[in-house]
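Yeah, the sequence shown ends on 262 if you go by our numbering, and it's all consecutive.
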Amino acid sequence: WPDTLELLSLMQKRRLGPDLVACNAAIAACEGSQQWSRALLLMSDLQGRSFAPNVITFNTTISACIKGAAWQHVLSLHKHLGMLGIYPDARATEAFVEALGWQRASSDAFRENILAQQLP
């Protein structure tokens, strides 16, 4: 993944302006290396470009977040996906459902912890 990010940086320095395919490849490299926070950063960098993220961009970033157990970001990305008018595919929907399960488990564990602290 470092080589991929270096190549992306070099493209920017030489004003070659990486396209969506290059950006998606860099996000995929981060996803494969379990660098979910870098994948999110790369995706957020797309906001200032002349092209918008597509379903592949979202799927790859969501997959990176799932691998990193960053379920809050999965939920946020799924919401952002809909706001852009991109319809989630089966992979994105499955990740969303999985993240909802993590959210519920986290909430249940938090509630149990609070109740346990309140008992004499």
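Heads up, the beta-carbon is just placed ideally off N, CA and C, and yes, glycines get one too. Note that the coordinates shown come from a computational prediction; the quantities given were computed from them, not determined experimentally.
Contact between the segment 163–171 and the segment 180–195 is present, with at least three C-beta pairs closer than 8 Å.
In this structure, the beta-carbon distance from residue 216 to residue 198 does not fall below 9 Å. When C-alpha distances from residue 179 are compared across 210, 223, 226, the shortest belongs to 210. The beta carbon of residue 144 sits closer than 8 Å to none of the beta carbons in its chain outside the five residues before and after it. The Cβ neighbour count for residue 181, taken over all protein chains shown within 10 Å, is at least 16; the residue is labelled buried. Per DSSP, residue 201 is one residue of the alpha helix (DSSP H) stretching across 197–209.
Closest by C-alpha distance to residue 162, out of 176, 151, 192, is 192. Judged by their CB atoms, residue 222 and residue 241 are not nearer to each other than the 9 Å cut-off. In the three-state scheme derived from DSSP, where H, G and I count as helix and E and B as strand, residue 161 is classed as coil. For residue 189, the secondary structure class from DSSP, reduced to helix, strand or coil, is helix. Counting of Cβ neighbours within 10 angstroms places residue 236 among the exposed residues, the total staying below 16.
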